[in-house]
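Numbering (our numbering), first residue to last: 1 to 384. Think of the CB as a built atom: it goes at the ideal place given N, C-alpha and C, for glycine as much as any other residue. To keep things clear, I will list the structure first and then write my remarks on it.
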Amino acid sequence: MTSPTYRLRRLGTIMSPDPDDPVEFWGAFNPTVGRTPDGRWRLLARVTAEGNVSRLRSVDLVLDDGVPVGVHRGDVVMAPDEPWERGGGRGGIEDPRATWMESLGLYVMSYTAEGGAHGARAALAVSEDFRTWRRLGPLHFAYDPELAHDLNVFPNKDVVLFPEPVTAPDGRMSYAFLHRPMWDPMLDLPAGVTDRRHSIWVSFAPVDAVAEDLRALVLLDQHRPVAQPMFPFESTKIGAGPPPIRVPEGWLLLHHGVSEHDTGEPVPRLDYAAGAMLLDADDVTRVRYRTSEPLLAPETTQEQAGVDRHIVFPSGLARIGDADYLFYGVSDRYIGVAVLERAAAEPGATPWQAVDGPAISRRVTAHHRGRKSLPCLPADQAVA
């Protein structure tokens, strides 16, 4: 049977910053997405203003025949008011990712708290209605003797929660969080880690502990590396995008990859692009396949608007009607939308194969601008 592929088809920009709004005139970008009890689809957009302070603004989607085409602005729903969200002259609530947890009857939202004593730090908030949010506080990573290190001393970003409990390495049903520790060049690496580039890890919170006390959701253990940079478009670092979704092949995770480009300037330009990987259905620590080239790269004028950064940053994913829509940050300033499509592999594209299968071709099939359909290569196969 022909193996499937996934692709992203760019639709355009649906939100630009309001230059007359003191809350967001620097940018509105990197949103998460959810649905209110009355059926409205809503974004929580990261908005920035003078001082580079980030807040979260509620934004209702405008749909045309089910397709997102614009927004209606709402209020700021979270600002850096807690000690772990501000300090040292800085502060911010950045890059939210919300997951509807049927088992909890709640949206669980991760976000980056920027400005506390530990720098960038991941924290959680919960909501029953995607309107009002209650903070649970920063994530805490239990000490693991096998790592011979305390992960709490490192900044951490790009936290996303799987939408249902999974089996942890110790066999317990647990809530699984993907996250990205940011290794400090002045500190030793955890035992077994040899690559300082920012990579994707996973940690777990036991279901039974969370059932007794929801606050246990921030207490994570059994930390495992999942994926590190492998291909040219992600050669500098990678991080999770929206929360993973169930697909026939396992768990589909969209991620961002960052690469450096010499432009003759003192500082290399950073390109952020969207890729994808498939995690094993029964073992989320195992990557089965991943794309060797981006599904969506910064190609439009807005996506290349940054002086030293060209950015496509996948952050929100929702099934609206019969289509899956990706909402992504554009150059730390705008919000774009694309359609995630699943289709049979096209001529010239490599079928998906098991990790322990035979060697496969590294060819890709490129389509018109903003639309690529790429094979997922076995996770243990690097580009020559």
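- For residue 193, the secondary structure class from DSSP, reduced to helix, strand or coil, is coil.
- In this structure, the alpha-carbon of residue 318 lies about 35 Å from that of residue 150.
- If you draw a straight line from the Cα of residue 337 to the Cα of residue 212, it comes to about 39 Å.
- Between the alpha carbons of residue 125 and residue 341 lies a gap of roughly 30 Å.
- Under DSSP, the beta-bridge partners assigned to residue 205 are 175.
- A contact is defined here as three or more CB-CB pairs under 8 Å, and the stretch 129-145 fails this definition with respect to the stretch 160-176.
- Taking a C-beta distance under 8 Å as the contact criterion, residue 114 and residue 91 qualify as a contact pair.
- Between residue 246 and residue 270, the C-beta spacing is not below 8 Å.
- Nearest C-alpha to residue 312 among 328, 268, 264 and 251: 328.
- For residue 289, the uninterrupted beta strand (DSSP E) run begins and ends at 287-291, by DSSP.
- Residue 68 has 63 as its beta-bridge partners, per DSSP.
- Per DSSP, residue 236 lies in no beta strand (DSSP E) and is assigned neither H nor E.
- Note that the stretch 270-282 touches the stretch 290-306; at least 3 beta-carbon pairs, one per stretch, sit closer than 8 Å.
- When the five nearest sequence neighbours on each side are left out, the beta carbons in the same chain lying within less than 8 Å of the beta carbon of residue 63 are those of 41, 69 and 320, in order along the chain.
- In the DSSP secondary-structure assignment, residue 156 is bridged to 181.
- Taking each of 56, 31, 67 and 23 in turn and checking the Cα distance to residue 50, the smallest one comes out for 23.
- Under the three-pair Cβ rule at 8 Å, the stretch 202-219 does not count as touching the stretch 257-264.
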